[in-house]
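Here's what the structure looks like:
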């Protein structure tokens, strides 16, 4: 599963009884940082959260935005076809411990990196994002 090759997944594991696959996911933002040595993706998960934190309940949040960062990038391929970036995202680790993130859909992307980390998970309302 994608979250098994990414670090700092504890909060994500508490939110969902079964962590969702990254199919038909909206990519809200892609940033290339540090001369392309770091890639940041903001992903909207349109899946209702199973275990809402109290603060999120009070704010009527029911879904999440995940900020995922990949470090020590060895290659990036990127092709965008539309302005709204909806894609199926697959993250796996090779035998050489390289993390490969692949997106297919309105955006085609492949990133090879040494490290993947969830930097932040923010609450949101599905109705706001749709």
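In my numbering, the protein residues as written are 6 to 135. From the three backbone atoms N, C-alpha and C, an ideal C-beta is built for every residue, glycine too.
| task | Decide if residue 49 is buried, meaning its Cβ has at least 16 other Cβ atoms within 10 Å, or exposed. | result | Translated into the one-based positions of the chain shown, residue 49 becomes position 44. Classification for residue 49: buried.
| field | Through-space distance from residue 83 to residue 115, alpha-carbon basis | value | Counting from one through the chain shown, the residue named residue 115 turns up at place 110. Counting from one through the chain shown, the residue named residue 83 turns up at place 78. Rounded to whole angstroms, the gap between the alpha carbons of residue 115 and residue 83 is 7 Å.
| task | Kindly indicate which residue of 102, 19, 112, 71 has the alpha-carbon position closest to the one of residue 129. | result | Start at 1 with the first residue of the chain shown, and residue 129 comes out as number 124. A check of alpha carbon separations from residue 129 across 102, 19, 112, 71 identifies 71 as the nearest.
| request: Starting from residue 15, follow the beta strand (DSSP E) in both directions and report where the run begins and ends. | output: Locating residue 15 in the chain shown gives position 10, counting from the first residue. Residue range 15-20 is occupied by the alpha helix (DSSP H) that includes residue 15, with no beta strand (DSSP E) assigned at that position.
| task | Could you tell me how far apart the beta carbons of residue 85 and residue 112 are, in whole angstroms, since I believe they sit closer than 8 Å? | result | By one-based count along the chain shown, residue 85 stands at place 80. By one-based count along the chain shown, residue 112 stands at place 107. Between residue 85 and residue 112, the beta carbon gap of about 5 Å places them in contact (Cβ cut-off 8 Å).
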